[in-house]
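Chemist: The structure under discussion is supplied below as structure tokens; questions concerning it will follow.
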Amino acid sequence: MPIDRALKVARDLADFGEVRRAWLGFQVDAVEADNFGRSRGVRVARVTAGSPAAEAGVRSGARLLRVGGSAMATPLDYEAALLDLRAGDRIELAVEGSRPVVVQAIALPSVTAERVELLEDLEVVTVTAAIQAERGLASSEGALVVEISDNLSEITGLATGDVLLGVNNRRVDTAREAAEELRRTQQGGRSFFLAFERGGRLVRTGLLTWR
49 MPIDRALKVA RDLADFGEVR RAWLGFQVDA VEADNFGRSR GVRVARVTAG SPAAEAGVRS
109 GARLLRVGGS AMATPLDYEA ALLDLRAGDR IELAVEGSRP VVVQAIALPS VTAERVELLE
169 DLEVVTVTAA IQAERGLASS EGALVVEISD NLSEITGLAT GDVLLGVNNR RVDTAREAAE
229 ELRRTQQGGR SFFLAFERGG RLVRTGLLTW R
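One gets the working numbering by counting positions in the sequence shown from 1 and adding 48 to each.
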């Protein structure tokens, strides 16, 4: 790993406890693989509407040749290029069959989204199309868990990265709805159960109680 990239990763881990990448608004996959499983190129798999990539004219299905000065042979090359970017950086993309385009990177949508605090030790953000694409979520609505204490995780079964979808029999579409429903169960001292997405799968808890 280049020293400048390693230093950035180290700074992010020290400041935030995680690596914070910039976001361009598109995902890639391998064009094809040879008999040994080695990729022979990278193509744009999905472009998020309203993202920097979409506004620059990047289209799904296009073969991605270069990002900045880096050739794209495998999807890992794209991930490595993102690690070198900061929000506000402008980078040129070379796409097969068309002129290069310049895209301005922004902060990850889940980082800039408004956080709603629940029960003092749980923070969630409303899932948007950009956050769904960023995190690769199956759910287009709900409340993404971005921070949770160990104690509350033990009580609820929730973990960072889960998407809260329902409290008891009430559907949750936004972070504020999640806050209202969980506070209602806590204030009433009632038992409750949750439905949430984890790793692309729907999880339903058993009956839970506050303690």
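Heads up, the beta-carbon is just placed ideally off N, CA and C, and yes, glycines get one too.
Verify whether the separation of the beta carbon atoms of residue 90 and residue 125 is less than 8 Å.
Modeler: For the purposes of this step, residue 90 is taken as the residue at position 42 of the sequence shown. For the purposes of this step, residue 125 is taken as the residue at position 77 of the sequence shown. Yes; because the gap between Cβ atoms is below 8 Å, this pair is in contact.
Chemist: To test your reading of the DSSP string, which unbroken beta strand (DSSP E) runs of 3 or more residues are found completely within the segment 174-219?
Modeler: Taking only runs of at least 3 residues, the beta strand (DSSP E) segments lying wholly in the segment 174-219 are 191-196, 211-215.
Chemist: Does the distance from the C-beta atom of residue 158 to that of residue 179 stay below 8 Å?
Modeler: Start at 1 with the first residue of the sequence shown, and residue 158 comes out as number 110. Start at 1 with the first residue of the sequence shown, and residue 179 comes out as number 131. Between residue 158 and residue 179, the gap from beta carbon to beta carbon is short of 8 Å.
Chemist: Could you check what DSSP says for residue 146 in three-state terms: helix, strand or coil?
Modeler: The sequence position of residue 146 within the sequence shown is 98, counting from 1. Correct three-state label for residue 146: coil.
Chemist: On the CB-based measure, 16 or more other CB atoms within 10 Å of its CB, does residue 134 come out buried or exposed?
Modeler: Here residue 134 refers to the residue found at position 86 when the sequence shown is read from its first residue. With fewer than 16 Cβ atoms within 10 Å of its Cβ, residue 134 is classed as exposed.
Chemist: If you follow the beta strand (DSSP E) that residue 245 is part of, which residue opens it and which one closes it?
Modeler: Along the sequence shown, read from residue 1 onward, the residue named residue 245 stands at position 197. Counting along the chain, the beta strand (DSSP E) containing residue 245 begins and ends at 242-246.
Chemist: In whole angstroms, give me the CA-to-CA distance for residue 196 and residue 259.
Modeler: The count along the sequence shown starts at 1 and reaches residue 196 at position 148. The count along the sequence shown starts at 1 and reaches residue 259 at position 211. C-alpha of residue 196 to C-alpha of residue 259: approximately 16 Å in a straight line.
Chemist: Taking the alpha-carbon positions, what's the residue 154 to residue 97 distance?
Modeler: Locating residue 154 in the sequence shown gives position 106, counting from the first residue. Locating residue 97 in the sequence shown gives position 49, counting from the first residue. Computed Cα separation, rounded: 14 Å.
Chemist: Following the continuous alpha helix (DSSP H) through residue 228, name the residue where it begins and the one where it ends.
Modeler: Position 180 of the sequence shown, counted from the first residue, corresponds to residue 228. 223-235 is the span of the alpha helix (DSSP H), which, as asked, contains residue 228.
Chemist: Please tell me whether residue 215 and residue 230 are closer than 8 Å, where the distance is taken between their beta carbons.
Modeler: Reading the sequence shown from its first residue, position 167 is the one you call residue 215. Reading the sequence shown from its first residue, position 182 is the one you call residue 230. Result yes, Cβ atoms of residue 215 and residue 230 sit closer than 8 Å.
Chemist: Residues in its own chain within less than 7 Å of residue 218 by CB, not counting five upstream and five downstream?
Modeler: The residue labelled residue 218 in the question sits at position 170 within the sequence shown. Excluding residues within five positions, the ones whose Cβ falls inside 7 Å are 229.
Chemist: With DSSP as the reference, identify every bridge partner of residue 158, one or two as the case may be.
Modeler: Position 110 of the sequence shown holds residue 158. Its beta-bridge partners do not exist; DSSP assigns none.
Chemist: What are the start and end residues of the alpha helix (DSSP H) that includes residue 127?
Modeler: Here residue 127 refers to the residue found at position 79 when the sequence shown is read from its first residue. 123-131 is the span of the alpha helix (DSSP H), which, as asked, contains residue 127.
Chemist: What distance in whole Å lies between the Cβ atoms of residue 123 and residue 78, which are believed to be in contact at a cut-off of 8 Å?
Modeler: Residue numbering aside, residue 78 sits at position 30 when the sequence shown is read from its first letter. Residue numbering aside, residue 123 sits at position 75 when the sequence shown is read from its first letter. Contact flag correct, Cβ pair sits at about 6 Å.
Chemist: Check whether the segment 196-206 and the segment 220-228 touch, using three or more Cβ-Cβ pairs below 8 Å as the test.
Modeler: no
Chemist: Quick one: give me the first and last residue of the beta strand (DSSP E) that residue 165 is part of.
Modeler: For the purposes of this step, residue 165 is identified with residue 117 of the sequence shown, where counting begins at 1. Residue 165 -> beta strand (DSSP E) spans 164-166.
Chemist: Using 8 Å for Cβ pairs, my map puts residue 185 next to residue 175. What's the rounded Cβ distance?
Modeler: Looking up residue 185 in the sequence shown gives position 137. Looking up residue 175 in the sequence shown gives position 127. Rounded, the Cβ-Cβ distance is 6 Å, consistent with contact.
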